[in-house]
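Participant: Chains as they are written, first to last, in this note's numbering: chain A, 1 to 258; chain B, 1 to 258.
Just so you know, even glycine gets a beta-carbon here, dropped at the ideal spot from N, CA and C.
Take a look at the following structure, please.
2 protein chains.
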Amino acid sequence: MNSRPIGIFDSGLGGLTVLKVLAKNFPNESFVYLGDIARLPYGNKSPETIRKYGDQILRFLKDQDVKAMVIACNSASTVYLGEKFFEGIPLLNVIEPGARAALEKGTSTIAVLGTSATIRSHAYEQTIKTLSSKTTVVEIACPLFVPLVEEGVVHNEITDLVIKRYLEKVKADKIGTVILGCTHYPVLADDIRKFLGNVNLVESGEVLTRELKSLNIPSGSGTRQIRVCITDVTDHFERLAKELMAPERLGPLEKIVL
Amino acid sequence: MNSRPIGIFDSGLGGLTVLKVLAKNFPNESFVYLGDIARLPYGNKSPETIRKYGDQILRFLKDQDVKAMVIACNSASTVYLGEKFFEGIPLLNVIEPGARAALEKGTSTIAVLGTSATIRSHAYEQTIKTLSSKTTVVEIACPLFVPLVEEGVVHNEITDLVIKRYLEKVKADKIGTVILGCTHYPVLADDIRKFLGNVNLVESGEVLTRELKSLNIPSGSGTRQIRVCITDVTDHFERLAKELMAPERLGPLEKIVL
Numbered sequence: 001m002n003s004r005p006i007g008i009f010d011s012g013l014g015g016l017t018v019l020k021v022l023a024k025n026f027p028n029e030s031f032v033y034l035g036d037i038a039r040l041p042y043g044n045k046s047p048e049t050i051r052k053y054g055d056q057i058l059r060f061l062k063d064q065d066v067k068a069m070v071i072a073c074n075s076a077s078t079v080y081l082g083e084k085f086f087e088g089i090p091l092l093n094v095i096e097p098g099a100r101a102a103l104e105k106g107t108s109t110i111a112v113l114g115t116s117a118t119i120r121s122h123a124y125e126q127t128i129k130t131l132s133s134k135t136t137v138v139e140i141a142c143p144l145f146v147p148l149v150e151e152g153v154v155h156n157e158i159t160d161l162v163i164k165r166y167l168e169k170v171k172a173d174k175i176g177t178v179i180l181g182c183t184h185y186p187v188l189a190d191d192i193r194k195f196l197g198n199v200n201l202v203e204s205g206e207v208l209t210r211e212l213k214s215l216n217i218p219s220g221s222g223t224r225q226i227r228v229c230i231t232d233v234t235d236h237f238e239r240l241a242k243e244l245m246a247p248e249r250l251g252p253l254e255k256i257v258l
Numbered sequence: 001m002n003s004r005p006i007g008i009f010d011s012g013l014g015g016l017t018v019l020k021v022l023a024k025n026f027p028n029e030s031f032v033y034l035g036d037i038a039r040l041p042y043g044n045k046s047p048e049t050i051r052k053y054g055d056q057i058l059r060f061l062k063d064q065d066v067k068a069m070v071i072a073c074n075s076a077s078t079v080y081l082g083e084k085f086f087e088g089i090p091l092l093n094v095i096e097p098g099a100r101a102a103l104e105k106g107t108s109t110i111a112v113l114g115t116s117a118t119i120r121s122h123a124y125e126q127t128i129k130t131l132s133s134k135t136t137v138v139e140i141a142c143p144l145f146v147p148l149v150e151e152g153v154v155h156n157e158i159t160d161l162v163i164k165r166y167l168e169k170v171k172a173d174k175i176g177t178v179i180l181g182c183t184h185y186p187v188l189a190d191d192i193r194k195f196l197g198n199v200n201l202v203e204s205g206e207v208l209t210r211e212l213k214s215l216n217i218p219s220g221s222g223t224r225q226i227r228v229c230i231t232d233v234t235d236h237f238e239r240l241a242k243e244l245m246a247p248e249r250l251g252p253l254e255k256i257v258l
């Protein structure tokens with residue numbers, strides 16, 4: 001038994017889609033989430049800047065006495081690729097588990113959707129190619145998806161046009177597996193499925209569940225706590241947090257200064 | 001004669017639409033522009049956070065020995081409303097001159113378009129109401145406009161739908177004057193005009209030109225320099241900067257650390 005919490009780091013609130021899945025799949029675990037709202041988005045920042053901010057946040061999570069850390073943010077994950085520990089604490093990123101989960105679907109081609117930073121890093125492509133040199137990888141930056149989700153512009157005509165703009169090639173080429181390489185994208189999963197038809201969508205929450213289980217960390221006690229900390233506060237984010245976590249209920253967000 | 005430069009502060013590169021107009025209207029003046037790309041957007045940050053970042057940037061501009069400072073960013077302007085100097089240097093914001101320019105159009109109603117932070121501050125509404133209590137002000141947050149411009153998704157079907165979403169009421173109510181209360185919005189001016197028809201659009205660049213002239217600062221010499229500094233570098237921003245400044249030519253962006 002080890003009732004220390006699991007830490008989750010994201011650039012904003014999108015990672016709550018991951019926290020929601022982990023909270024459901026690990027009902028006895030406590031969680032501390034840190035969303036770096038004051039400095040989001042990470043998707044168009046340089047690797048050096050992401051590293052600087054990321055280290056500050058991982059140190060904050062370490063100070064919360066976490067037993068493991070999950071980088072839910074894909075843009076940040078690209079910078080910490082291959083690093084299994086941060087200052088002695090087990091560290092997970094979303095890229096490597098996501099690549100493995102996509103390969104298990106067995107299709108000849110995999111499409112990766114992500115922010116500009118994630119796609120520019122080619123982190124998914126390189127990881128997939130290392131594991132399976134025969135698989136074709138198509139990478140597509142979808143920078144408008146995050147603002148659409150943040151503004152609640154989903155399940156409508158605008159969303160459909162933006163999805164068509166980015167995914168026309170995926171549909172035309174009948175690509176069978178698509179990695180949703182950004183924490184916001186699961187909110188658009190139904191809209192994407194509607195456009196693409198029959199397709200395997202790989203989402204970070206389920207992928208990280210399996211990965212955390214494989215770490216064999218001693219599990220928590222029955223009375224758990226879920227803390228969501230952010231680096232700035234506005235009504236907008238209070239509302240967005242509730243929407244992203246629904247139907248799971250969420251306590252007040254904690255403002256922290258890094 | 002005073003060849004010291006004029007400082008311009010924006011959260012990102014949108015303020016280049018302002019720099020472009022000022023550079024054209026003041027052909028003998030030098031300029032130092034600072035875009036806080038590493039921490040954009042300001043549009044969804046709290047006033048406290050904006051103030052903290054803003055003070056750092058105004059201090060940077062002061063260190064460049066500017067003779068006047070212009071806050072091109074509307075979200076930042078709302079925090080510095082009514083402040084005429086920063087540490088002894090004349091300081092201009094876009095809100096008060098924009099409100100006055102809109103009132104001069106003489107329509108009974110004025111619509112203000114802006115980011116969530118600008119609209120939430122009610123800075124334009126309060127300034128207009130102080131100057132003319134009889135004018136009706138309609139405030140509309142248009143948070144998707146900035147990402148559309150940043151991604152070059154303009155003059156197409158997606159832009160048209162988003163404009164319709166935000167401006168349907170402005171059109172239905174035949175509002176005669178619209179303040180483009182964000183530095184990115186001039187890029188969408190033609191699309192907005194296409195949707196609204198005959199309308200007065202108030203843009204920050206022209207408004208600030210008049211305001212700078214009224215300060216009567218000694219003018220610069222004939223050989224001028226235009227420096228564009230940013231707090232982070234990526235290819236994306238190099239490209240966007242060129243697009244926003246076109247047809248004006250732009251030297252390489254300078255990376256600075258605050």
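Find out if the Cβ-Cβ distance for the pair C73(B), Y42(B) is shorter than 9 Å.
Facilitator: Cβ atoms of C73(B) and Y42(B): closer than 9 Å.
Participant: Taking DSSP as the reference, what is the three-state secondary structure of I140(A)?
Facilitator: I140(A): strand per DSSP, three-state reduction.
Participant: Candidates A102(B), T234(B), E243(B) and N216(B): which alpha carbon is nearest N2(B)'s?
Facilitator: Ranking the options by Cα distance to N2(B), first place goes to N216(B).
Participant: Less than 9 Å between CB atoms is the rule here; does F237(A) satisfy it with respect to chain B?
Facilitator: F237(A) counts as touching chain B.
Participant: Quick one: what does DSSP say T109(A) is sitting in, helix, strand or coil?
Facilitator: It is a strand residue.
Participant: Quick check on the DSSP output: the alpha helix (DSSP H) that includes T130(A) runs from which residue to which?
Facilitator: Here the alpha helix (DSSP H) through T130(A) covers A123 to L131.
Participant: Since V138(A) and I163(A) are thought to touch, with beta carbons under 8 Å apart, how far apart are those beta carbons, to the nearest angstrom?
Facilitator: Not quite, the Cβ-Cβ distance comes to about 16 Å (not below 8 Å), so this is no contact.
Participant: Using the beta-carbon count (16 or more within 10 Å), is K52(B) buried or exposed?
Facilitator: Result: exposed.
Participant: Would you check if the distance between the CB atom of G7(A) and the CB atom of K62(A) is smaller than 9 Å?
Facilitator: Yes, the pair counts as a contact, with Cβ atoms nearer than the cut-off.
Participant: Threshold first: 4 residues or longer. Then list the alpha helix (DSSP H) segments lying entirely within the segment 173-208 of chain A, N to C.
Facilitator: Entirely contained in the segment 173-208 of chain A, the alpha helix (DSSP H) runs reaching 4 residues are, in chain order, 189-196.
Participant: What does N44(B) reach in chain A if we use C-beta pairs closer than 7 Å?
Facilitator: Result: T234 and H236.
Participant: Just checking my contact of L113(A) with I179(A) at CB under 8 Å: how many whole Å lie between their CB atoms?
Facilitator: Between I179(A) and L113(A) the Cβ distance is about 7 Å, and since that is below 8 Å, they are a contact.
Participant: By the 7 Å beta-carbon criterion, what residues does the segment 134-157 of chain B contribute toward chain E?
Facilitator: This model lacks chain E altogether, as its protein chains are A and B.
Participant: Return the CA-CA distance between T127(A) and A76(A), expressed in angstroms with no decimal places.
Facilitator: C-alpha separation (whole angstroms): 15 Å.
Participant: Taking the continuous beta strand (DSSP E) assigned at I71(B), which residues delimit it?
Facilitator: I71(B) -> beta strand (DSSP E) spans A68 to I71.
Participant: Report the residue from K67(A), D65(A), G98(A) and R227(A) whose alpha carbon sits nearest the alpha carbon of L81(A).
Facilitator: With distances taken between Cα atoms, L81(A) lies closest to G98(A).
Participant: Could you give the C-beta distance for V233(B) and K255(B), rounded to a whole number, given that I count them as a contact under 8 Å?
Facilitator: Right, the Cβ-Cβ distance comes to about 5 Å (below 8 Å), so this counts as a contact.
Participant: If you draw a straight line from the alpha carbon of V259(A) to that of G181(A), how long is it in whole angstroms?
Facilitator: Only positions 1 to 258 of chain A appear in the structure, and residue 259(A) is not among them; the question remains open.
Participant: Indicate whether at least one CB of chain B lies closer than 9 Å to the CB of T118(A).
Facilitator: It does not; no Cβ of chain B falls within 9 Å.
Participant: At a cut-off of 8 Å, is V66(B) close to the ligand GTP when judged by its beta-carbon and the heavy atoms of the ligand?
Facilitator: Absence of the ligand GTP is noted for the structure shown, with no ligands found whatsoever.
Participant: Between the beta-carbon of L148(A) and the beta-carbon of I158(A), is there less than 9 Å?
Facilitator: It is a contact, given that the beta carbons lie within the stated cut-off.
Participant: Assuming V202(A) and A101(A) are in contact, meaning their beta carbons sit under 8 Å apart, how far apart are those beta carbons, in whole angstroms?
Facilitator: So it is a contact: roughly 5 Å between Cβ atoms.
Participant: Measure how close the beta-carbons of L212(A) and L92(A) come, nearest whole angstrom, since I'm counting them as under 8 Å.
Facilitator: Between L92(A) and L212(A) the Cβ distance is about 7 Å, and since that is below 8 Å, they are a contact.
Participant: Does the beta carbon of A38(A) come closer than 9 Å to any beta carbon on chain B?
Facilitator: Taking Cβ atoms only, chain B reaches closer than 9 Å to A38(A), which makes this a yes.
Participant: Could you tell me which of K242(B), E150(B) and T231(B) sits nearest to V257(B), measuring between CA atoms?
Facilitator: For the residues K242(B), E150(B) and T231(B), the minimum Cα distance to V257(B) belongs to T231(B).
Participant: Do P143(B) and D65(B) have their C-beta atoms closer together than 9 Å?
Facilitator: Result no, Cβ atoms of P143(B) and D65(B) do not sit closer than 9 Å.
Participant: Could you tell me how far apart the beta carbons of L244(B) and L22(B) are, in whole angstroms, since I believe they sit closer than 8 Å?
Facilitator: Contact doesn't hold; Cβ gap of about 13 Å is too wide.
Participant: Does DSSP put G7(B) in a helix, in a strand, or in coil?
Facilitator: DSSP places G7(B) in strand when its eight states are reduced to three.
Participant: The alpha helix (DSSP H) spanning L244(A) covers which residue range?
Facilitator: Per DSSP, L244(A) belongs to the alpha helix (DSSP H) from D235 to M245.
Participant: Verify whether the separation of the beta carbon atoms of T177(A) and V199(A) is less than 9 Å.
Facilitator: Yes. Within cutoff.
Participant: How many Å lie between N44(B) and K134(A) at the Cα?
Facilitator: Roughly 44 Å between the two C-alpha positions.
Participant: So what does DSSP say about E83(B), is it helix, strand or coil?
Facilitator: Of the three classes helix, strand and coil, the one that applies to E83(B) here is coil, per DSSP.
Participant: Just verifying my parser: in three-state terms, what is the DSSP assignment at R249(B)?
Facilitator: Coil at R249(B), not helix or strand.
Participant: Kindly give me the distance between the Cβ atoms of I110(A) and V94(A), rounded to whole angstroms, as I take these residues to be in contact under 8 Å.
Facilitator: Not a contact, Cβ separation roughly 15 Å.
Participant: How about T78(A): is its C-beta nearer than 9 Å to some C-beta of chain B?
Facilitator: For T78(A), the answer is no, since every Cβ of chain B falls outside 9 Å of its Cβ.
Participant: What did DSSP end up calling I217(A) once you bin it into helix, strand or coil?
Facilitator: In this structure, I217(A) counts as coil in the three-state DSSP scheme.
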